[in-house]
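Below: one structure, written as structure tokens.
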Amino acid sequence: MNLILLGPPGAGKGTQAKKLVAELGIPQISTGDILREAARGGTELGLKAKPLMDSGKLVPDDIVIGIIAERLKAPDSSKGFILDGFPRTVPQAEALEAMLRAMGKAIDRVLSIEVPEQAVVERISGRRSCPRDGSVFHVLAQPPKRDGICDACGGPLIQRDDDRAEKVVERNKQYREKTSPLIAFYSQRGVLKAVAGEGTTEGVHASILEALPQR
Ligand code: AMP
């Protein structure tokens, strides 16, 4: 089952991807996580990506396409994968299509998680993330058991630089201009399903399961 989670920043893609990993036993592939890891490690890729990420802009297509091309070669994605945060532009979607075709694969479902912009701002500003294992919490909606501490690994939680209110405006703009055309792109291919992203994590998860192709 090859899936894409599409939606504005803060729609819950990462949270829902993690629930699907547990349910389906296929890996989550998040370009945002891969880029943040590279930025923390100070690699060449990370140094290039960090200023763009910090300003809420997108990293160039060729860079993220290269990351995905490498990642999809790993054996853990042979039974399927959940793409979270990729593709984010039409050229990325076209490159992905070509890449998968060459591997004899295709995207089975694109889940478009729909959330109104006001709800997105609220979610992002309260989001706290664990840089060590990628767990995500929300100060009000999903607080960790101990304030500021990751439930899963016990490490300190942080607010991502690009989750600060002033950066969220730019990220929403990038989504509207560059990513939202993917809704039409995948709708034309007959693989898109819209899912209402408001409500509880469990409720949205249930809607996503219903929108998956027959297993
Ligand atoms: P995310 O964690 O998915 O919100 O991604 C955080 C940041 O990483 C984005 O705001 C972009 O700067 C960068 N990024 C992640 N995925 C992509 C992508 N597919 N294309 C371009 N930039 C990306």
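Position one of the sequence shown corresponds to residue 1 (the numbering used here), numbered consecutively onward. For each residue, glycine too, the CB sits at the ideal point set by N, CA and C.
Exercise. What residue from I149, A74, E44 has the CA that sits closest to G63's CA?
Worked result: According to the sequence shown, residue 63 is Ile rather than Gly. If we check each option's Cα against that of I63, E44 comes out closest.
Problem set entry | Segment contact flag, the stretch 179-196 with the stretch 150-163, C-beta cutoff 8 Å, min 3 pairs | no
Exercise. What are the start and end residues of the alpha helix (DSSP H) that includes K193?
Worked result: From DSSP, K193 is part of no alpha helix (DSSP H) but of the beta strand (DSSP E) over 192-196.
Exercise. Quick one: is the Cβ of Q28 within less than 7 Å of any heavy atom of the ligand AMP?
Worked result: no
Exercise. How would you call P116, buried or exposed, if buried means at least 16 neighbouring beta carbons within 10 angstroms?
Worked result: exposed
Exercise. Three-state secondary structure (DSSP) at S55?
Worked result: coil
For this session: Please report how far the alpha carbon of A196 lies from the alpha carbon of A38, in whole angstroms.
Result: 32 Å
Exercise. Would the stretch 155-166 and the stretch 121-131 be scored as touching if the rule is three or more Cβ pairs under 8 Å?
Worked result: Enough Cβ pairs lie closer than 8 Å, so yes.
For this session: Ignore the nearest five residues each way along the sequence and tell me which others in V136's own chain have a CB closer than 7 Å to its CB.
Result: G14, T15, R127, S129
Exercise. Are the stretch 55-72 and the stretch 20-39 touching by the rule of at least three beta carbon pairs closer than 8 Å?
Worked result: yes
For this session: Compare the C-alpha of K193 against each of I183, E94, S77 and name the closest.
Result: I183
For this session: Spatial neighbours of D133 within its chain, please: CB distance less than 8 Å, with the 5 preceding and 5 following residues excluded, ordered by chain position.
Result: A distance below 8 Å between beta-carbons, with the five flanking residues on each side excluded, links D133 to the following residues of its chain, in chain order: C150, A152, C153, G155.
Problem set entry | Spatial neighbours of K79 in its chain, beta-carbon cut-off 7 Å, leaving aside the 5 residues before and after | I26
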